[in-house]
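One structure below.
2 protein chains.
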Amino acid sequence: MDAPSMLPLLRPVRSGNAFEETVERLLQAIKLGVVPHGEKLPPERELAAQLGISRVTLREAIRALQDAAFLDVRRGRYGGAFVVYEPPRPESGDLRRAVAAMGQGDLEDALTFRMAVECGAAEVLASAELTPAQRATLVRRLEDVNEAAPEDYRRLDTAFHLSIAELTGSSLLAAACADARLRVTDLLNAIPVLGPNIEHASVQHAAIVEAILARDPDAARRAVAEHLEGTAALLRGFLA
Amino acid sequence: MDAPSMLPLLRPVRSGNAFEETVERLLQAIKLGVVPHGEKLPPERELAAQLGISRVTLREAIRALQDAAFLDVRRGRYGGAFVVYEPPRPESGDLRRAVAAMGQGDLEDALTFRMAVECGAAEVLASAELTPAQRATLVRRLEDVNEAAPEDYRRLDTAFHLSIAELTGSSLLAAACADARLRVTDLLNAIPVLGPNIEHASVQHAAIVEAILARDPDAARRAVAEHLEGTAALLRGFLA
DNA sequence: ATCCATTGGTCTGTTTCCAGACTTTTGACG
DNA sequence: CGTCAAAAGTCTGGAAACAGACCAATGGAT
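Protein sequence lines, in the order shown, are assigned to chains A and B. The first sequence: position 208 = 208 (the numbering used here), numbered continuously. Going from the second sequence to the numbering used here is simple: count from 1 and add 1000.
What follows is the structure, encoded as C-alpha cells:
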C-alpha cells in the first residue's frame, strides 16, 4: 500500500524569526487600518502579551517601524506608539508591480484560500440564528462602508468582511479570514478606489448582508463568491 | 467613529514552545497514521528541516515520544524512529471523555472551522478542470477507504479528506484542512468504527467524488456538508 | 569477513528570546 | 504648581533554540 502523502501535516512548526514576524504583523495591521492614522497601538506590555512575545522583541519591532516612519513613539503618560500612515493614492503601474512582487503560484493560492474561507464564513453565519446585537453589528459595518470617505474605504471594507467571520463565533475561522485578507492587502491597496467600483461593491455587500439576515446560506455564499470573483479576476488579469 | 475590532489580526505570533509544539505535531502525525505502525519517521536531519526547527529540538521531542512508547528509535544504517502505535479499540465512555476534555467552545469552533474549509475545498476542486492524474488520485483514495481494514479505516479516511484539499493546489487551503482535522482527531478516534457507519460514510464519500468529477461545485459542497454534519451532530450530542 | 554509507548520539559555542525589576518621561488633574 | 499614574526606556541574568562539527553504531553490499 502506497502511503498517502498527507504532507501538509509535517509543515513548519514555527514561522521563523519572531522579530521579523512581528514587524510584518504590525505593518499589516497598520496598512489594513486596524489601527488608523493618528491612533496609537496598545501599550507595549499589553500588546506583547497579545502577540505572545516578550516586550523586548516587540520593542525591537516597534523600533524598526519607527525608523521606517510608520510609527511615532511618544513616552510619558498618554504617550504610546502612534500610527503615521495614510494609504497612498495608488498610481497606475502600482498594481502590476504589486502582482509581480508576489509569485504567480502564491497569488493563485491566496485567492483560492480567500474564496474558500470567506464563502464558508458567510454560509456559516447565514445558517446561524443571530441575536439582535449581531444583526445590528453587521448592518452597522455595512453602513460604515457605504458612508466611508475614500481614504477610509479599504479599512472599512476590511472591517466589514472580517466582521462576518468574527460574528460566526469561530475564532479559527476568523483567524483564517484575517490571514487570507493579509495575503492580498498589498494588492488591494494598489487598486484605485473608483466610483463605479465602489457602487458595484456596495450592491454586492448589500446582497451579502441581506442573504445573511434572511438566513439563506446558499444565497450568502453565492453573493460572497460573486463579490470576490470580481477582484480575483481583476488581479489574475495582471498575470498575463 | 468607533474602531472596528478586527482583533484577530493581533493574534499570537508564535504558537509557544517549540519543543511542545513539535511533540504535539508528531503525536498527531502518528495518531492520524501519516506514518503508520511499523514505518519510520524521516531521518532527523531531514525532518528537522521540514519542521523548520533545529535537530536538537526535534530530538528532544522524539525522545519524549520514545519515553511515552510511541516511537522505537534504532540507530545505525537502516535505523530510524519507528512508529509503535496501533489505534486502540474505542470503548464506550471514551468519546464522552474525549469531548469533555475539549472545551465546549473549542469543539464548536473546530467543527465550524472544519465545515467551512472542507466544504470550500470541495467546491473549489469541483470548479476546477482536473487532469486525468488528479482524477485518478481522487478515485484511488476513495477506493482505499472502501477497501480499508477496520484498523486502517481512520487513516485512509483522513487521507481521502485531505487529498481533496491537496488537489486544489492551494497549500494554504490544504494546511487549513489539515489543521481542522487535527483538532478533531482525538474525537474521531474515540468513535467506534462500526459497519453501518462505514456504509453510510461510503455512500457519502462516493457522492462527494461523483460531484467533483461531474464538476458540480454546488453538489460537491452539499455532499461534504452532509457528510460532516453527521459527525458534528454526533459529537454535539455529548455536550448535553 | 570487511567495508562504508547512513543513521542516531553527543558536544560546543552562539544567537535569540524571555521574565522581571527598575528608571525616566510626560501631561492631566487637583 | 506640584502630584502621580501611565506610559516608554533600560538593564541583567537565564533559558530556549540554533548551527555545525564530530562520534558511534549498524547491517547490507562486496
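For each residue, glycine too, the CB sits at the ideal point set by N, CA and C.
Item                                                                                                                                                                                          : Value
With 16 other CB atoms within 10 Å as the buried threshold, where does L1047(B) fall?                                                                                                         : buried
Output needed in chain order: residues of the stretch 10 to 30 of chain A with a Cβ under 8 Å from some Cβ in chain B.                                                                        : L10, R11, P12, V13, R14, S15, G16, A18, E21, T22, R25, Q28, A29
Are there 16 or more other CB atoms within 10 angstroms of the CB of V1203(B), so buried, or fewer, so exposed?                                                                               : exposed
Would you say L173(A) faces chain B, with C-beta separation under 8 Å as the test?                                                                                                            : yes
Any idea which residues DSSP pairs V1073(B) with across the strands?                                                                                                                          : A1081(B)
What residues in the stretch 1099 to 1115 of chain B bring their beta carbon closer than 8 Å to a beta carbon of chain A?                                                                     : E1108, D1109, A1110, T1112, F1113, M1115
From the DSSP output, which residues share a beta bridge with K1040(B)?                                                                                                                       : F1082(B)
So the alpha helix (DSSP H) T22(A) belongs to, where does it begin and stop?                                                                                                                  : 18 to 31
For the alpha helix (DSSP H) containing G1237(B), list its first residue and its last residue.                                                                                                : That residue, G1237(B), is in no alpha helix (DSSP H); it is neither H nor E in DSSP.
Determine whether the beta carbon atoms of L1107(B) and V1099(B) lie at a separation below 8 Å.                                                                                               : yes
Along the stretch 113 to 142 of chain A, where does the CB come closer than 8 Å to a CB of chain B? Name the residues.                                                                        : F113, M115, A116, V117, C119, G120, A121, E123, V124, R141
Relative to chain A, which residues along the stretch 1043 to 1068 of chain B have a C-beta separation below 8 Å, given in chain order?                                                       : L1047, Q1050, L1051, G1052, I1053
Using the beta-carbon of each residue, which ones in chain B are nearer than 8 Å to A219(A)?                                                                                                  : Simply none; closest approach about 12 Å.
Going along chain A in order, which residues have a C-beta closer than 8 Å to the C-beta of T1185(B)?                                                                                         : Within 8 Å Cβ-Cβ: nothing; T1185(B) doesn't reach chain A, min ~10 Å.
For S1202(B), which residues in chain A fall below 9 Å Cβ to Cβ?                                                                                                                              : What S1202(B) touches in chain A: nothing, since even the nearest Cβ is about 18 Å away.
Decide if G1237(B) is buried, meaning its Cβ has at least 16 other Cβ atoms within 10 Å, or exposed.                                                                                          : exposed
With 16 other CB atoms within 10 Å as the buried threshold, where does P1087(B) fall?                                                                                                         : buried
In chain B, which residues lie less than 7 Å from T168(A) when you measure between Cβ atoms?                                                                                                  : T1112
Please classify G93(A) as buried or exposed, where buried requires at least 16 neighbouring CB atoms within 10 angstroms.                                                                     : exposed
Between which two residues does the alpha helix (DSSP H) carrying T1158(B) extend?                                                                                                            : 1153 to 1167
Looking only at its own chain, which residues have a Cβ that is under 7 Å from the Cβ of L1213(B), when we skip the five neighbours before and after it?                                      : R1135
Tell me which residues share the same chain as T1137(B) and place their Cβ nearer than 8 Å to its Cβ, disregarding the 5 neighbours each side in the sequence.                                : S1163, L1167
Could you tell me the distance, in whole angstroms, from the CA atom of V1193(B) to the CA atom of Y1153(B)?                                                                                  : 8 Å
For P1090(B), tell me which candidate among E1151(B), T1112(B), I1198(B), A1174(B) has the shortest Cα-Cα distance.                                                                           : E1151(B)
Beta-carbon within less than 7 Å of A3(A)'s beta-carbon, same chain only, minus the 5 sequence neighbours each way: which residues are those?                                                 : At A3(A) the pLDDT is 48, less than 50, meaning the model places this residue with poor confidence and gives no usable figure here.
Hey, does A81(A) have any beta-carbon neighbour from chain B nearer than 8 Å?                                                                                                                 : no
With 16 as the cutoff for other CB atoms within 10 Å, does P12(A) come out buried or exposed?                                                                                                 : exposed
Establish whether the CB of A1190(B) and some CB of chain A are separated by less than 8 Å.                                                                                                   : no
Identify, in the order they occur along the chain, each residue of the same chain with its Cβ nearer than 7 Å to the Cβ of S1054(B), setting aside the five sequence neighbours on each side. : A1048
Can you say whether E123(A) is buried or exposed, counting buried as having 16 or more other CB atoms within 10 angstroms of its CB?                                                          : buried
Can you check which of these residues, Y78(A), L111(A), A128(A), is closest to R215(A) by C-alpha distance?                                                                                   : A128(A)
Compute the distance between the beta-carbons of L1142(B) and H1227(B), then report whether it is under 8 Å.                                                                                  : no
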